[in-house]
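Peer 1:
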Amino acid sequence: MTKQSIFGRIAQLAKANINAMLDSAEDPKLMLDQMVRDYTNSIADAESAIAETIGNLRLLEDDHREDVEAAGEWGNKALAASRKADELRTAGNATDADKFDNLAKVALGRQLQSEKEARAAEPQIASQTTVVDQLKNGLNAMKEKLGQLSSKRDELIARAKTAQAQTQVMDAVKSIDIMDPTSEVSRFEDKIRREEAKVRGASELAASSLDAQFESLEDIGELTEVDARLAALKAGSSSSSSSSSSSSSSSASPASLEQ
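Counting the sequence shown from 1 gives a position; the numbering used here is that position plus 1258.
1. For Ala1490, would you say it is in contact with chain B, using Cβ-to-Cβ distances shorter than 8 Å as the test?
2. State the DSSP-derived secondary structure class of Asn1351, mapped to helix, strand or coil.
3. Taking only the alpha-carbon atoms, compute the straight-line gap between Leu1288 and Leu1407 and give it to the nearest angstrom.
4. Going by other Cβ atoms of all chains shown within 10 Å of its Cβ, with 16 needed for buried, is Ile1308 buried or exposed?
5. Buried or exposed: Gln1424, going by 16 or more other Cβ atoms within 10 Å of its Cβ?
6. Alpha carbon to alpha carbon, how far is Arg1377 from Ala1329?
7. Is there contact between the region 1310 to 1319 and the region 1389 to 1402, where contact requires at least three CB pairs shorter than 8 Å?
8. Nearest-angstrom Cα distance between Glu1454 and Arg1445?
9. State the Cα-Cα distance for the pair Glu1402 and Lys1419, rounded to the nearest angstrom.
10. Less than 8 Å between the CB atoms is what I'm expecting for Ala1355 and Arg1368, so what's the real figure, rounded?
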């Protein structure tokens, strides 16, 4: 994975507007699960690429350090050869002195080459250091986004479960609502009320029949009383008639006797 692709991937994921993406999703939970997987995989890829980039930077730094150290060593060798040449020249040995001066020149040439290579590597090291810092910051941003996604997913799942539980409770309450005319309880209550009404009707009917029987008994009682009174009247009338006849006979006898 190139540095440009790493930057693009990190910038895209780190700047992602999670809430906007969720608002446009048909199934936010599934989308969050997929986003968490994508982020996790992207972070793993980015970590691998960044580790490689850091490794290359460390190699450049090692090479630069070696060039700097080599430049210092060749400088020391050049100084030692120059001093030896001065000693030999002072002692009158010009031939050997020239040899050591030539060695000093060779060492100085190596020193210059090492310094040149070290200077050439410094801009590249600075650039790579900036890249690595940016990649590290981007990776941290990705990890923060991953944490937000994980929290959002857990929150959403919890809310979904709560909503589902509330729906189940509401459905259960609705199914046992005795005021619901379509419910079994309401129909059973209607059936009981009809049975109760039937019993009340039967009771009223039985009571009506009993009242009629008592009324007939009262009628019979009245008829019996009437017959009794009629018999009494008749008996009274007969007694009165007998008394009147007796009285008439008694009053007529003296008269007849007087005649």
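Each residue gets a CB set at the ideal place from its N, CA and C atoms; glycine is no exception.
Peer 2: Taking the geometry as given:
1. Annotation note: the requested chain B is absent from the structure, which comprises a single protein chain.
2. coil
3. Straight-line Cα distance between these residues: approximately 12 Å.
4. buried
5. exposed
6. 11 Å
7. The region 1310 to 1319 makes contact with the region 1389 to 1402, as at least three CB pairs between them are under 8 Å.
8. 14 Å
9. 26 Å
10. Between Arg1368 and Ala1355 the Cβ distance is about 21 Å, and since that is not below 8 Å, they are no contact.
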